[in-house]
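Asker: Residue numbers (full-length UniProt numbering), protein chains in the order written: chain Y, 1 to 748; chain A, 1 to 479. Ideal placement from N, C-alpha and C gives every residue a C-beta, glycine not left out. Given the structure is predicted, the values throughout are model-derived calculations rather than measurements. Sharing a structure below in structure tokens format, with a few things to ask.
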Amino acid sequence: MAPKAKKQPNENLKQEHVLQAVIIADTFNVRFGPVTLKKPRALLPLVNVPLIDYTLEALAASQVQEVFVFCCHLGEQIREHIRNSKWQDGRSSSMTITTLLSDSCISVGDALREIDAKSLIRSDFLLITGNLVANVNLSQVVEEHKQRTQGKDKSSVMTLMFKTAQPGHRARCREDEMFLLEEGLSKRLLYFQKSQDQRKFPIPKDIMLDHEDVIVHNNLMDCHVCVCSPVVPTLFTDNFDYQTVHSFVKGILINEEIMGNKIHMSIIQDKYAARVSNLQTYDAISKDVICRWTKPLVPDMFASGHQKRIKNGRHNVYCSEGVTLLRGSTLGNNVVVGGGTFIGSGTVISQSVIGQNCQIGENVRIHNSYLFDNVVIESNCEVDMSLLCSGVRVLERVRIGKGCVLAWETVVGPDVKLADGTQLMSEPQVDEFDDLDMSFEGDDKPQSDAANSRKVEESMDTASYGAKCQAYLYKPAVESDSDEEEEIEEEESWWLYAADLRDDQLDESDDSSEEGEDDEDDDEEGAEGAGEFALDSDDDDEDGEDNVDSSLGFNPKACLLKVDADFYKELVATLARADSEKIKEENVILEINSLKHAFTVPINEVIHSLPCAFIDLARKLAESSGSTVPSVLAAFKSVASRYSPVMCNYMKDSESQLTAIAGLGDFVIKNEAYRPRLPQLVNILYDADVLSEGSIMSWYNQAPSNTNPSRAKCHAFLKKLVEPFVSWLQTAESESSEEDDGDEEDGN
Amino acid sequence: MSNPGNITAVIMAAGMGSRMTDLNTECPKALLPVGRYPMIWYPIRTLEKSGFSEIIIITRQSWQDQLASTLNSGKMSIHAKLEFLAIPDQEDIGTADSLRHIADRVKTNALVVSCDLITDSDLLDLMSVHRKNNSCLTVMLSQLPNSLTADTVVPGFKAKQKSNSGEKISIGFEYNNLEHIVYWKAQVDMEDEFVTFSKKFLNRFPCARIQSNWTDCHVYLIRDFVIKYLKDKSDISSVQGELVPLAVKKQMSVFLPILPQEESSMASPGGDMKVDKKKDLIDYAGETSNHLSHIIQSLSLTSPSFGTNEDAPRKNLIGCFAYRQTEGFCVRANTIAAYAEASKQMPRLTSNFLPTKQKAGPNVPEGTVIKPKSQVGADSMLGENVTIGEKVSIKKSVLGKNCSVGDGVKITNSVIMDGVSISQNCIISNCIVSQSAKIETGCQLSNCIIGDNQTIATMSIHNNDVLSNLAHMMSVPLE
């Protein structure tokens with residue numbers, strides 16, 4: 001246990017005055033990909049200062065006296081860091097920090113239950129995450145909460161702190177988008193909903209009827225700062241369903257009438273508070289620190305102690321002492337360079353953070369990137385919009401594309417170009433998240449991951465990452481835990497949101513897809529049998545690797561989800577039978593479910609196969625008219641409208657809808673004649689209310705997978721196909737929503 | 001025209017008064033007495049005070065003469081030129097229909113006022129809000145006076161006393177500019193379990209304050225293009241119920257200019273996919289704003305779209321705003337409760353409506369015969385030629401002309417219209433007594449409505465009753 005747990009003798013007398021804070025130094029997710037495999041997120045340097053120091057500084061500035069830092073993943077490192085920090089020498093601060101280690105916790109809820117078990121909390125306390133950057137005085141929020149609980153609203157158990165940020169604000173984490181309702185005068189939180197990928201937000205009408213003054217907020221970001229009454233850990237203990245603060249909030253709101261507990265909110269407007277929750281916010285908040293929004297937490301005023309003095313120049317250029325800048329090197333706007341770094345001549349750096357003791361060669365261009373300490377970049381390299389961890393070596397003439405992440409000690413080069421969005425690490429990936437349930441993974445085929453990656457990568461390493469490389473591809477683990485409160489891990493590529501990009505990502509697939517469009521026409525499909533749409537899944541990924549389809553520009557086999565052929569055949573047969581015997585929809589669902597169990601296929605494979613199977617069914621129905629493409633489409637339209645309840649049953653949320661769209665994509669890749677018809681296919685499902693506009697758009701905007709170049713091309717190719725439909729959606733969007741409502745109005 | 005801002009003022013006086021059928025059996029709703037003047041006199045005076053000198057009054061054919069003769073009689077001290085436009089009697093039409101009826105007559109922006117608006121606030125404030133925000137539809141909202149929101153006992157049958165919660169409207173205001181209306185939905189229209197907001201709405205108006213404690217005063221300042229739109233769109237029949245929500249919603253639409261080669265109304269996005277699209281409100285708005293006004297909008301420092309992208313002016317063509325009236329008295333006398341409340345306020349407020357030079361007569365006119373030991377409270381008002389017997393006490397009440405009150409009568413909290421005679425020792429509290437009613441000796445009435453020409457027999461006791469000619473009353477809804 002932690003070294004410091006001494007209780008003060010006169011504790012009872014001072015009880016009310018001690019302000020406590022609990023820092024959860026783990027976020028229980030893997031949004032940082034390979035970066036956090038070796039170092040906990042709380043210790044990642046943000047503008048050359050470990051993140052947790054920002055958090056601790058914010059607490060110290062808010063007169064917090066006692067801090068509990070709760071660490072799980074790589075907690076030893078955090079404890080070590082705090083032990084060596086200025087906070088522990090007792091002279092520079094009166095704040096006591098206690099580090100709590102736990103390996104068994106997998107959520108904030110667990111952490112609070114453990115805190116409850118240790119009964120560390122004596123009064124209202126602050127609950128924050130270890131990645132908060134803020135210059136707001138948190139004690140004011142605590143004071144607000146205290147006044148509320150001692151005054152008229154004794155039942156308030158929590159005050160959540162939010163920061164205003166208009167939609168699209170760069171520091172808003174897209175995975176944490178939310179929508180909430182506040183009662184105007186009392187500041188009580190009435191309703192809370194995560195809003196990612198949703199286009200409609202239904203709220204219970206009683207809220208509107210019961211409250212005269214309701215504020216609808218879509219302009220807030222959650223700072224994950226909550227002031228909790230001492231009862232909160234107990235509530236967590238009482239209810240094991242509470243995993244995250246969000247689930248707790250929801251639970252409290254739902255049970256409000258029974259339990260009588262209330263949650264309030266506090267909105268900060270003029271101060272800064274934001275949370276480094278993914279790479280995109282890491283980028284945004286770094287820029288904010290450099291641009292001094294977080295003053296006094298800016299590089300020249302705030303360093304974690306052992307660093308040298310930092311000079312602040314014009315255009316937000318910060319140089320530590322001991323930086324060597326050779327003649328002809330240029331530092332553009334918003335650059336931070338750590339001490340001991342050497343920058344060669346002809347090198348241009350802009351909008352970037354360079355750590356300490358980095359070696360940067362000649363004629364290197366670094367833009368919008370983050371280099372941790374001890375990074376070596378040899379001459380004539382280009383780094384754009386990337387994150388390079390400590391000890392990374394980039395050999396000569398390497399171009400690192402946008403959105404790359406090179407984890408600790410990775411070596412790449414020489415003479416290679418890294419594709420956009422590549423995530424590399426220096427050791428082969430080992431599945432160290434044994435607590436994450438990986439068995440249900442869809443597209444990534446994880447079972448063979450660890451084994452395969454070593455074998456496959458070793459052979460392709462040098463080709464992609466240079467002759468002297470020491471680099472293995474990182475494949476993000478997709479959490480498929482169906483718990484709705486679990487943070488949905490979406491492959492969000494942070495760099496897509498940065499200002500100046502998006503132009504050249506599709507270049508390679510452009511010409512090929514045009515070809516695809518040319519050879520449309522309804523020639524050859526009559527000949528094909530019904531089972532043909534099912535794909536032969538027995539080929540191996542590996543041997544198909546070089547087998548590039550000329551009309552597509554990539555190898556189709558490499559990017560299709562393998563579907564159990566027997567299952568698929570049976571599924572089509574079931575549907576056909578259901579159709580001929582007019583079986584009810586509910587029973588069709590039951591039959592499909594039993595098929596799923598009989599063949600032990602994962603649910604996403606079922607979803608993936610369903611659209612295809614229905615097209616197959618349509619094809620059978622259209623046999624009389626010769627199974628031409630138009631007749632199949634017409635039949636599919638009627639099938640889709642008839643069976644939309646069945647499909648909707650499987651495609652309720654956006655994730656499953658994405659899978660279904662991917663299924664359609666695979667279908668058209670296999671069946672060339674249908675390629676130009678993909679928009680119609682999507683449209684049919686859209687009209688049948690199976691696919692929502694939101695999921696089509698999010699599929700369309702999905703970042704190409706960086707793990708599999710072939711799949712990325714495939715996605716780009718499909719995107720190109722669907723483009724007309726999507727652009728129609730986008731133009732129609734401005735009209736449609738109101739048009740619907742307008743019609744309603746007219747009907748009255 | 002000499003109206004301020006070249007605005008056409010329109011008073012809607014064609015309503016049947018469907019929420020107060022117990023009262024307006026005989027005379028049109030617009031002529032029900034409120035204090036010493038008929039109801040419609042108040043909005044006319046409010047308009048006059050704001051500088052309007054030409055006022056259009058929409059009424060029903062059969063009421064037109066009655067209205068004209070009443071209002072043009074010299075006693076009313078009305079100086080504005082009143083123009084009556086009649087709509088056929090048989091049509092049961094909504095406010096928007098009435099407007100459409102006279103749309104040809106209205107070439108400019110229009111200020112539409114309901115005949116039951118009784119307010120002493122200045123309409124110029126509403127017009128300022130309109131002009132400041134370049135609004136296309138400005139609505140006057142007010143919070144009900146406390147005396148109405150509290151659980152006051154309303155005269156009449158208890159069963160009829162539904163709370164007015166059914167008429168509550170959830171109105172959303174932009175958080176940073178509370179004058180800007182971004183959401184409008186009557187609570188009765190919330191049929192589903194859920195109220196739905198779209199992502200688009202939330203992105204456009206990230207922070208909206210939705211309040212349901214405002215009443216729509218039925219004062220609308222409407223831009224000319226909206227009236228044109230209304231003229232072409234015949235399925236909108238009510239301003240509050242349909243036009244306002246529609247305009248609020250259409251704020252989200254973006255104007256797509258008509259391509260020059262396609263002269264027809266093909267302003268639709270998606271080209272050939274929706275050729276038959278009808279002209280929408282935004283198209284009317286777009287037609288009125290030309291290229292120059294776009295430039296003005298985009299360069300204006302005060303415009304809400306300053307600093308945003310160039311497209312913004314196209315987006316902000318439609319704006320709905322509210323004048324949130326908070327000071328002064330404002331009530332729509334369209335329910336019995338509101339009518340009673342407005343009447344009782346008149347002893348205090350009448351002078352606010354009169355021209356500044358003209359002094360309001362005293363609440364108890366000179367020459368009123370009041371026998372000794374009687375009290376008429378300062379919060380009461382009597383008409384001309386009222387005779388009051390001995391030991392009478394009148395509190396918080398309004399009596400019309402030619403009433404006679406016998407000895408020992410107590411009247412509290414009541415509205416007594418013209419020519420009512422009340423015999424000795426009656427006790428009347430919280431009642432509305434219509435014209436020429438006779439209340440005989442010793443009656444005790446509380447919370448009652450007495451119809452025209454009714455005679456209440458000696459010593460009767462009534463509570464929460466409507467005493468009127470039933471057959472006559474029944475005929476009203478059938479008309």
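1. Check the Cβ of Glu605 (chain Y) against every Cβ in chain A and list those closer than 9 Å, keeping chain order.
2. Whole angstroms are fine: how far does the CA of His73 (chain Y) sit from the CA of Asp103 (chain Y)?
3. Mind checking whether Arg399 (chain Y) and Glu382 (chain Y) have CB atoms under 8 Å apart?
4. Report the residue ranges of all beta strand (DSSP E) runs contained in full by the region 210-259 of chain Y; include only those spanning at least 3 residues, in chain order.
5. Is the number of C-beta pairs between the region 150-168 of chain Y and the region 259-276 of chain Y that are closer than 8 Å three or more?
6. Assuming Asn177 (chain A) is part of the beta strand (DSSP E), what are its boundary residues?
7. So, is the C-beta of Gln193 (chain Y) closer than 8 Å to a C-beta in chain A?
8. Between Asp192 (chain A) and chain Y, is the shortest Cβ-Cβ distance under 8 Å, so that the two count as touching?
9. Looking only at its own chain, which residues have a Cβ that is under 8 Å from the Cβ of Asn135 (chain Y), when we skip the five neighbours before and after it?
10. Who pairs with Thr412 (chain A) in a beta bridge, going by DSSP?
11. Between Arg209 (chain A) and chain Y, is there a C-beta pair that is closer than 8 Å?
12. Could you pull the DSSP bridge partners for Cys330 (chain A) from this structure?
13. Could you tell me the distance, in whole angstroms, from the CA atom of Glu396 (chain Y) to the CA atom of Val405 (chain Y)?
14. Which residues in the same chain as Gly377 (chain A) place their Cβ atom closer than 7 Å to its Cβ, once the five residues preceding and following it in sequence are excluded?
15. Since Phe197 (chain A) meets chain Y, which of its residues come closer than 9 Å, beta carbon to beta carbon?
16. For Asp222 (chain Y), decide whether its Cβ has a neighbour in chain A, counting only Cβ atoms nearer than 8 Å.
17. Where does Pro446 (chain Y) sit, in a helix, a strand or coil, going by DSSP?
18. Name the chain A residues that come within less than 9 Å of Asp213 (chain Y), Cβ to Cβ?
19. Express the C-alpha separation of Phe372 (chain Y) and Asn48 (chain Y) in angstroms, rounding to a whole number.
20. How many angstroms separate the CA atom of Val386 (chain A) from the CA atom of Pro362 (chain A)?
21. What separation, rounded to the nearest whole angstrom, lies between the Cα atoms of Phe667 (chain Y) and Val276 (chain Y)?
22. Between Leu209 (chain Y) and chain A, is there a C-beta pair that is closer than 8 Å?
23. At least one CB of chain A closer than 8 Å to the CB of Gln166 (chain Y): is that the case?
24. Which of the three DSSP states, helix, strand or coil, is assigned to Tyr686 (chain Y)?
25. Please confirm whether Glu182 (chain Y) and Ile215 (chain Y) have their CB atoms less than 8 Å apart.
26. Which whole-angstrom value is the C-beta distance of Thr196 (chain A) and Lys200 (chain Y), which I expect to be below 8 Å?
27. Would you mind stating whether Lys107 (chain A) and Asp224 (chain A) have Cβ atoms separated by less than 8 Å?
28. Roughly how many whole angstroms lie between the Cα atoms of Ile432 (chain A) and Met190 (chain A)?
29. By Cβ distance, which residues of its chain are closer than 8 Å to Arg292 (chain Y), with the 5 residues on each side in sequence left out?
30. Just how far apart, CA to CA, sit Gln20 (chain Y) and Thr244 (chain Y)?
31. Is there contact here, the region 460-475 of chain Y with the region 412-422 of chain Y, by at least three beta-carbon pairs under 8 Å?
32. I need the straight-line Cα distance from Gly355 (chain Y) to Ile97 (chain Y), nearest angstrom please.
33. Does Asn203 (chain A) come within less than 8 Å of chain Y when only Cβ atoms are used?
34. Name the residues in the UniProt domain "EIF2B subunit epsilon/gamma LbH" (369-457) of chain A whose C-beta lies less than 9 Å from a C-beta of chain Y; which are they?
35. How many angstroms separate the CA atom of His608 (chain Y) from the CA atom of Lys569 (chain Y)?
36. With 8 Å as the limit, tell me which residues of the region 239-254 of chain A have their beta carbon closer than that to any beta carbon of chain Y; keep them in chain order.
Answerer: Answer, in terms of the structure:
1. Simply none; closest approach about 31 Å.
2. 7 Å
3. yes
4. 213-217, 220-228
5. yes
6. 177-186
7. no
8. yes
9. Ala58, Ala61, Lys271, Tyr272, Ala273, Thr294, Lys295, Pro296, Leu297
10. A:Lys395, A:Ser429
11. Closer than 8 Å: yes.
12. A:Thr119
13. 18 Å
14. Leaving aside the five residues that flank Gly377 (chain A) on each side, the residues in its chain whose CB is nearer than 7 Å to its CB run, in chain order, Ile394, Lys395, Lys396.
15. Phe179, Lys200, Phe201, Pro202, Ile203, Val216, Asn218
16. no
17. Summary for Pro446 (chain Y): the model assigns pLDDT 42, below 50, so the residue's position carries little reliability; its value from the coordinates is reported in the next sentence. Here Pro446 (chain Y) sits in helix by DSSP.
18. Arg209, Ile210, Gln211, Ser212, Asn213
19. 7 Å
20. 14 Å
21. 39 Å
22. Leu209 (chain Y) counts as touching chain A.
23. yes
24. helix
25. Yes, they are a contact pair.
26. 5 Å
27. yes
28. 35 Å
29. Excluding sequence neighbours, Arg292 (chain Y) sits near Val298, Asn316.
30. In this structure, the CA atom of Gln20 (chain Y) is about 20 Å from the CA atom of Thr244 (chain Y).
31. yes
32. Near 27 Å, if we compare the C-alpha coordinates of Ile97 (chain Y) and Gly355 (chain Y).
33. yes
34. For the UniProt domain "EIF2B subunit epsilon/gamma LbH" (369-457) of chain A, the set of residues with a beta-carbon nearer than 9 Å to any beta-carbon of chain Y is empty.
35. So the two alpha carbons sit approximately 14 Å from each other.
36. Gly241, Glu242, Pro245, Leu246, Lys249, Lys250, Met252, Ser253, Val254
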